[in-house]
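Protein chains in written order, with our numbering: chain A, 18 to 260; chain B, 4 to 413.
See structure below.
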Ligand SMILES: Nc1ncnc2c1ncn2[C@@H]1O[C@H](COP(=O)(O)OP(=O)(O)OP(=O)(O)O)[C@@H](O)[C@H]1O
Ligand SMILES: [Mg+2]
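Quick look at the structure:
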């Protein structure tokens with residue numbers, strides 16, 4: 018394991034990648050309103066490794082969707098890499114996701130009809146990158162997660178841990194401002210979990226900004242900063258974990 | 004997103020669901036194949052009929068006795084009157100009065116029993132003049148037609164239709180033989196080439212004699228001057244209506260009738276038969292095409308139905324693509340192009356099957372099927388259009404899916 022020696026303090030010198038102010042999200046189900054986020058303020062700086070923890074139903078995934086530009090705030094503002102995305106339309110949000118965000122999902126979400134390489138190429142297709150360039154970059158990303166030899170395998174021909182590594186390669190390939198991982202180890206056995214978390218540690222060591230959502234405290238322990246969400250609010254301030 | 008990637012993405016989606024894609028196409032295949040067939044059948048039948056009518060001579064005027072003034076269809080004495088005479092025919096043949104007529108032949112018929120040796124055959128014998136082969140567009144297979152001298156003298160000569168000759172003589176030589184009608188002997192001078200049939204009447208089971216011979220020896224109608232029909236062949240088909248007007252005014256004059264509405268004869272243009280037939284077959288084609296269009300509509304609804312299923316089934320894929328940066332338009336276009344590719348493939352297969360059947364069926368059905376290149380191109384375009392039209396709604400549904408809901412879908 019590497020990267021444990023990386024310092025996790027003094028990011029404040031650079032401009033934040035993520036700046037949430039007074040973030041509120043209200044869901045409407047029929048006549049019932051439910052406020053899933055109740056005023057969250059948060060800054061995440063380049064190179065930070067942040068974990069978000071909290072009980073089930075506390076609003077972690079809601080926050081993740083907001084941070085990933087998959088959904089918009091009811092009120093408050095969200096500035097992503099210097100761009101105010103709070104009032105963007107769907108098309109602009111799609112572009113922001115494509116350029117700024119790399120997702121890693123609990124269910125991997127790989128397309129079974131595509132090879133590992135094809136899956137990693139997907140975000141570049143929507144970015145309009147030409148095929149040759151695309152293939153080269155996707156290959157580099159796959160090699161980075163140690164799957165250079167599995168590029169032609171379809172997801173069904175890969176282990177769970179390998180599938181999640183393909184998903185990580187896909188998240189990296191666009192060189193996003195931030196990698197968002199929602200329970201990335203939720204569907205993995207302990208061996209694969211170690212594998213994937215090691216991967217994220219490596220990325221962090223190489224300078225990626227990572228936001229990880231998790232239930233498990235030992236997973237959160239790897240992050241530099243831990244935010245605790247309860248009932249749609251941060252409890253206390255971000256805890257910097259001394260390694 | 005690059006257009007080539009959009010196409011590739013749609014194509015892959017179709018290929019990865021072969022069975023579903025095939026079922027989606029099926030409706031279009033059936034619809035397009037039936038369009039190709041019905042249009043081909045309609046055009047083919049029209050062609051057959053046109054050819055049959057054209058064979059009768061499209062530059063022909065048919066003058067019949069009796070009036071046709073009653074528009075309700077009651078034709079007073081039509082075809083059975085005695086108002087047309089041999090003198091009328093002679094007058095019409097004058098190049099001065101009817102300059103646009105090339106040839107005129109009057110016809111009068113009688114039913115007779117022909118005998119040769121042991122053979123005996125009943126047929127219709129037509130009395131006419133020597134211009135008859137030209138007017139009726141008939142040719143001789145053997146021998147020659149009778150001459151003007153034969154007509155003047157009322158000679159006992161006869162020309163037989165091909166079928167009649169075969170019935171009487173079998174394969175034996177015919178020209179120069181004698182046949183007997185009511186114990187009178189007639190010399191066979193010629194045999195007509197085959198001409199098929201016009202409606203129910205065979206053009207090959209007949210006999211032709213000089214008008215004088217018919218009137219003097221065979222006709223027992225009692226009116227020796229009247230004729231059944233006068234055929235006028237126009238000098239050219241574009242002179243048909245001019246010839247018709249000239250003939251009408253001459254006959255009105257000869258019959259001492261002032262108003263054309265009171266005419267005691269009717270002039271029909273062969274072309275009007277053609278027009279009537281054409282309009283019937285155009286209606287038939289429209290009807291058949293309507294049925295085929297219905298089949299296509301059903302095919303289109305099939306496309307929409309299965310595309311909607313596909314959108315539902317691929318909700319997670321749509322969510323993922325959106326999360327990775329696909330704009331709503333990218334998703335919409337992918338589904339739209341999928342539907343259009345299905346339409347195009349279905350259309351192409353349908354055209355192939357339709358053409359295959361069009362080539363195979365005529366030998367079974369005995370009817371002509373005309374394969375029109377335009378119809379084929381239009382069919383494929385229509386098939387793609389159906390894919391597009393019926394793909395719009397499912398594609399819009401896919402484009403509208405919110406990425407979080409789509410990703411959460413199990
Ligand atoms: N689309 C929605 N419509 C209505 N309510 C919603 C919607 N999405 C989430 N919620 C509600 O918002 C609250 C927070 O949900 P969220 O998914 O963010 O929780 P979570 O912290 O991710 O929980 P878990 O750890 O179980 O994944 C929950 O009470 C949930 O019922
Ligand atoms: Mg969650």
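Cβ atoms here follow ideal geometry from the backbone N, Cα and C, with glycine treated the same way.
Everything numeric in this text was worked out from a predicted model, so none of it was measured.
Go to residue 55 of chain A, then tell me how far its beta strand (DSSP E) extends in each direction, as first and last residue.
Per DSSP, residue 55 of chain A belongs to the beta strand (DSSP E) from 49-61.
What would DSSP say about residue 133 of chain B, mapped onto helix, strand or coil?
Coil.
Is it right to say residue 236 of chain B is buried, meaning 16 or more other beta carbons lie within 10 angstroms of its own, or is it exposed?
Residue 236 of chain B comes out buried.
I believe residue 172 of chain A touches residue 180 of chain A by the beta-carbon criterion, under 8 angstroms. Please report the beta-carbon distance rounded to the nearest angstrom.
With a Cβ gap of about 5 angstroms, residue 172 of chain A and residue 180 of chain A count as contacting.
Taking C-alpha atoms, which residue in A/218, A/247 and A/126 lies nearest to residue 64 of chain A?
Selected option, being the one with the closest Cα: A/218.
Inter-residue CB distance, residue 42 of chain A and residue 83 of chain A (contact presumed, cutoff 8 angstroms):
Confirmed, about 6 angstroms.
Residue 341 of chain B versus chain C: which residues are under 8 angstroms apart at the beta carbon?
Absent here is chain C; the protein component of the structure consists of chains A and B.
Quick check on residue 169 of chain A - is its C-beta less than 8 angstroms from some C-beta in chain B?
So no, residue 169 of chain A is outside the interface.
Rounded distance between the beta-carbons of residue 390 of chain B and residue 347 of chain B, thought under 8 angstroms:
Taking a contact as a CB-CB distance under 8 angstroms, the pair residue 347 of chain B and residue 390 of chain B counts as one, their CB atoms being some 7 angstroms apart.
Evaluate residue 18 of chain A with the Cβ neighbour count: other Cβ atoms within 10 Å of its Cβ, from every protein chain shown; 16 or more gives buried, anything less gives exposed.
A caution first: residue 18 of chain A carries a pLDDT of 39, below 50, which makes its placement in the model unreliable, though a value can still be read off. With fewer than 16 Cβ atoms within 10 Å of its Cβ, residue 18 of chain A is classed as exposed.
Would you please verify whether the beta carbon of residue 23 of chain A is less than 8 angstroms from any beta carbon of chain B?
Residue confidence for residue 23 of chain A is low, a pLDDT of 42 falling below 50, so the modelled location carries little weight; the figure read from the coordinates is stated next. Output row for residue 23 of chain A: interface = no.
Output yes or no for whether 8 angstroms exceeds the beta carbon distance between residue 34 of chain B and residue 288 of chain B.
By the CB criterion at 8 angstroms, residue 34 of chain B and residue 288 of chain B fall outside the cutoff.
Paired residues, beta bridge with residue 101 of chain A - DSSP
DSSP lists A/96 as partners of residue 101 of chain A.
Do we get a CB-CB distance below 8 angstroms when we pair residue 82 of chain A with the residues of chain B?
Yes, residue 82 of chain A counts as interfacial toward chain B.
Top-ranked residue by Cα proximity to residue 192 of chain A, from A/45, A/164 and A/221
Residue A/221 is the option with its Cα nearest to residue 192 of chain A.
Around the C-beta of residue 26 of chain B, are 16 or more other C-beta atoms found within 10 angstroms, so that it is buried, or is it exposed?
Looking at its Cβ environment, which holds fewer than 16 other Cβ atoms inside 10 Å, residue 26 of chain B is exposed.
Give me the Cα-Cα distance between residue 294 of chain B and residue 52 of chain B, rounded to the nearest whole angstrom.
A direct Cα-Cα distance of roughly 22 angstroms separates residue 294 of chain B from residue 52 of chain B.
Rounded to the nearest angstrom, what separates residue 409 of chain B and residue 80 of chain A at their Cα positions?
Rounded to whole angstroms, residue 409 of chain B to residue 80 of chain A spans 17 angstroms at the Cα level.
Cβ shell of residue 114 of chain A (< 6 angstroms), same chain only, five flanking positions each side left out
Same-chain partners within the cutoff: 86.
Own chain, CB closer than 8 angstroms to residue 75 of chain A, minus 5 neighbours either side, in chain order:
Excluding sequence neighbours, residue 75 of chain A sits near 246, 247, 248 and 249.
Buried or exposed: where does residue 366 of chain B fall if 16 or more other Cβ atoms within 10 Å of its Cβ makes it buried?
By the C-beta density criterion, residue 366 of chain B is exposed, having fewer than 16 other C-beta atoms within 10 angstroms.
Are there any heavy atoms of ligand 1 lying less than 7 angstroms away from the beta-carbon of residue 66 of chain A, as far as the coordinates show?
The closest heavy atom of ligand 1 lies 7 angstroms or more from the beta carbon of residue 66 of chain A.
When the Cα atoms are used, what is the spatial distance from residue 78 of chain B to residue 194 of chain B?
Confidence at residue 78 of chain B is low in this model, with a pLDDT of 44, below 50, so its placement is unreliable and the value that follows should be read with caution. If you draw a straight line from the Cα of residue 78 of chain B to the Cα of residue 194 of chain B, it is about 36 angstroms long.
Near residue 103 of chain B, what residues of its chain come up, given a Cβ to Cβ distance below 7 angstroms and the 5 sequence neighbours on each side ignored?
Once the five neighbours on either side are set aside, the close Cβ partners of residue 103 of chain B are 237, 238, 242, 245, 246 and 249.
Near-chain B residues of the segment 190-223 of chain A - C-beta to any C-beta below 7 angstroms:
Residues: none.
Any 3 or more C-beta pairs closer than 8 angstroms across the segment 229-248 of chain A and the segment 152-160 of chain A
Contact between the segment 229-248 of chain A and the segment 152-160 of chain A is absent: fewer than 3 CB-CB pairs across the two stretches fall below 8 angstroms.
By the criterion of Cβ-Cβ separation under 8 angstroms, what are the contact partners of residue 53 of chain B in chain A?
Taking a Cβ-Cβ cut-off of 8 angstroms, residue 53 of chain B has no neighbours in chain A, whose nearest Cβ is about 54 angstroms from it.
Is the Cβ-Cβ distance between residue 32 of chain B and residue 378 of chain B less than 8 angstroms?
Going by C-beta atoms, residue 32 of chain B is not nearer than 8 angstroms to residue 378 of chain B.
Using a Cβ-based criterion (distance less than 7 angstroms to any ligand heavy atom), does residue 74 of chain A qualify as near ligand 1?
Indeed, a heavy atom of ligand 1 lies less than 7 angstroms from the Cβ.
How long is the line joining the alpha carbons of residue 80 of chain B and residue 285 of chain B, rounded to whole angstroms?
Note that residue 80 of chain B scores 44 on pLDDT, short of 50, meaning its location in the model is unreliable; the coordinates nonetheless yield the value given after this. Each residue's alpha carbon lies about 32 angstroms from the other.
By a C-beta neighbour count over all protein chains shown, 10 Å radius and 16 as the cutoff for buried, is residue 18 of chain B buried or exposed?
Counting Cβ neighbours within 10 Å, residue 18 of chain B comes out exposed, since fewer than 16 surround it.
Look up residue 269 of chain B in the DSSP assignment and say whether it is helix, strand or coil.
In the structure shown, residue 269 of chain B sits in a strand (DSSP, three-state: E or B).
Using 7 angstroms as the cut-off, classify the Cβ of residue 412 of chain B as near or not near the heavy atoms of ligand 2, replying yes or no.
Because no heavy atom of ligand 2 lies under 7 angstroms away, the Cβ of residue 412 of chain B does not count as near it: no.
Distance, residue 162 of chain A Cα to residue 315 of chain B Cα
Going from the Cα of residue 315 of chain B to the Cα of residue 162 of chain A covers about 33 angstroms.
In terms of DSSP beta bridges, what is residue 250 of chain A paired with?
Paired residues: A/247.
Residue list, Cβ distance to ligand 4 heavy atoms smaller than 7 angstroms
With respect to small molecules bound, the structure shown includes ligand 1 and ligand 2 and not ligand 4.
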